[in-house]
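According to the numbering used here, the residues represented by the sequence shown are 59 to 275, in order.
For every residue, glycine included, the Cβ atom is placed at its ideal position computed from N, Cα and C.
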Amino acid sequence: MLAVLPSWFSTKIGNRDDRAQHHMLIPAAAEALDALARLTGATTASLARALPAFGTAGPHSPVRATTACRRCAARHGIHQPVPVHLPAHRKVCTRHGIWLSDAGQPQLDLAACPEIIAAQRQASRLLRRCTPQELMLAYQAAARAIPAWPSSPAAIPLHWRHRLLTLHTANHRYGTPTDLDAYTHAAIYPDAIALAARTIKQDPLANSPEPPHPCQP
Ligand SMILES: [Zn+2]
């Protein structure tokens with residue numbers, strides 16, 4: 059099918075993550091959807107509903123490719139990894155305390171770090187004040203601003219490096235390798251969300267790539 063479909067599909071299959079999407083892919087999506095509809099005989103509306111890559115949620119609800127929470131899947135009797143697209147800001151299954159690593163990476167048990175689960179709830183509440191895209195930008199900027207190392211030995215227990223060690227220890231018993239990016243992303247998450255929340259509450263438009271909304275008369 060890829061041989062007869064526009065190159066949009068090959069590019070998209072190579073990288074299904076909306077967060078790293080080339081800017082030329084978005085305008086080409088409509089044409090790609092039309093081509094798939096002609097080839098399959100299905101309507102564009104039903105294809106768009108079934109395939110998250112066509113962004114029915116709109117550009118303000120970016121998704122990321124990940125794997126469904128293994129414990130949610132197990133409740134439905136499914137024991138294989140299930141690829142899913144989730145809203146990009148959702149990193150944790152708050153019901154089971156599982157860090158939803160990027161696709162292909164093992165999930166992390168967060169029971170030893172309940173503050174990470176609490177941070178996910180805080181992130182979801184922030185969506186009452188900003189768009190998903192503003193939240194994502196504020197979170198990414200905050201994650202970069204968190205210091206890599208504690209300022210002094212006395213600050214270690216409050217620093218994310220301490221949380222990182224706790225996660226390593228807790229997940230080691232599942233045989234999860236300790237050299238995954240997911241550990242750092244999870245360990246830094248409460249600090250990054252707290253900082254992002256302060257930025258959003260101070261000035262929600264500071265992180266927006268769009269001009270401020272026009273004043274209503
Ligand atoms: Zn779950």
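Residue i, buried or exposed, once every other Cβ within 10 Å from all chains shown has been counted against 16
{"i": "Leu193", "result": "buried"}
{"i": "Gly155", "result": "buried"}
{"i": "Gln178", "result": "buried"}
{"i": "Thr227", "result": "exposed"}
{"i": "Leu141", "result": "Position check: residue 141 holds Pro in this sequence, whereas Leu was assumed. Exposed, by the Cβ-count rule."}
{"i": "Gln165", "result": "buried"}
{"i": "Pro248", "result": "buried"}
{"i": "Lys70", "result": "buried"}
{"i": "Pro235", "result": "exposed"}
{"i": "Pro85", "result": "exposed"}
{"i": "Trp157", "result": "buried"}
{"i": "Glu268", "result": "Note that Glu268 has pLDDT 49, beneath the 50 cutoff, so the model's placement of it is unreliable and no number is given."}
{"i": "Ala206", "result": "exposed"}
{"i": "Tyr232", "result": "exposed"}
Coil, strand or helix - residue i by DSSP
{"i": "Ala88", "result": "helix"}
{"i": "Ile156", "result": "strand"}
{"i": "His226", "result": "helix"}
{"i": "Pro64", "result": "coil"}
{"i": "Thr98", "result": "helix"}
{"i": "Leu168", "result": "coil"}
{"i": "His134", "result": "coil"}
{"i": "Arg186", "result": "coil"}
{"i": "His217", "result": "coil"}
{"i": "Arg179", "result": "helix"}
{"i": "Thr234", "result": "coil"}
{"i": "Ala123", "result": "strand"}
{"i": "Leu83", "result": "helix"}
Straight-line Cα distance separating residue j from residue i
{"i": "Gln274", "j": "Ala255", "result": "Because the pLDDT at Gln274 is just 45, under 50, the model does not fix this residue reliably, and the point stays unresolved."}
{"i": "Phe67", "j": "Met59", "result": "9 Å"}
{"i": "Ala111", "j": "Gly72", "result": "12 Å"}
{"i": "Leu83", "j": "Pro120", "result": "14 Å"}
{"i": "Ile136", "j": "Thr125", "result": "12 Å"}
{"i": "Ala161", "j": "Ala212", "result": "37 Å"}
{"i": "Arg185", "j": "Ala199", "result": "At residue 185 the sequence reads Leu, which differs from the Arg that was named. Near 17 Å, if we compare the C-alpha coordinates of Ala199 and Leu185."}
{"i": "Thr102", "j": "Ala61", "result": "20 Å"}
{"i": "Leu253", "j": "Glu89", "result": "40 Å"}
{"i": "Ser210", "j": "Leu216", "result": "11 Å"}
{"i": "Ile214", "j": "His243", "result": "18 Å"}
{"i": "Cys127", "j": "Arg183", "result": "21 Å"}
{"i": "Ala100", "j": "His143", "result": "22 Å"}
{"i": "Gln180", "j": "Glu173", "result": "10 Å"}
{"i": "Leu225", "j": "Leu238", "result": "11 Å"}
{"i": "Ala251", "j": "Leu223", "result": "According to the sequence displayed, residue 251 carries Ile and not Ala. Cα to Cα, the separation comes out at about 20 Å."}
{"i": "Pro208", "j": "Tyr197", "result": "20 Å"}
{"i": "Arg133", "j": "Leu195", "result": "34 Å"}
{"i": "Gln163", "j": "Ala123", "result": "11 Å"}
Within-8 Å CB hit, residue i to chain B
{"i": "Ala90", "result": "Any reference to chain B falls outside this structure, which holds one protein chain only."}
Residues near residue i by beta carbon distance below 7 Å, same chain, minus five either side
{"i": "Ile246", "result": "Ala201, Ile204, Trp218"}
{"i": "Arg221", "result": "Cys171, Ala245"}
Proximal residues to residue i (C-beta, below 6 Å), its chain only, five neighbours per side dropped
{"i": "Ile175", "result": "Val150, Thr152, Gly155, Leu168"}
{"i": "Ser159", "result": "Gln165, Ala240"}
{"i": "Ala131", "result": "Val140"}
{"i": "Pro272", "result": "Note on Pro272: pLDDT 46, under 50, position unreliable in the model; no value is reported."}
Residues of its chain near residue i, where Cβ-Cβ distance is below 8 Å and the 5 sequence neighbours each way are ignored
{"i": "Leu105", "result": "Leu91, Leu94, Ala95, Thr98, Phe112"}
{"i": "Pro190", "result": "His118, Ser119, Pro120, Pro145, Ala146, His147"}
{"i": "Pro64", "result": "Ala86, Glu89, Ala90, Ala93"}
{"i": "Lys259", "result": "Arg187"}
Closer than 7 Å: residue i CB and nearest ligand 2 heavy atom
{"i": "Thr227", "result": "This structure does not include ligand 2; its bound ligands are ligand 1."}
Legend entry - Environment of ligand 1 in chain order, Cβ to heavy atom below 7 Å: Matched residues: Cys127, Arg129, Cys130, Cys151, Arg153, His154, Ile156.
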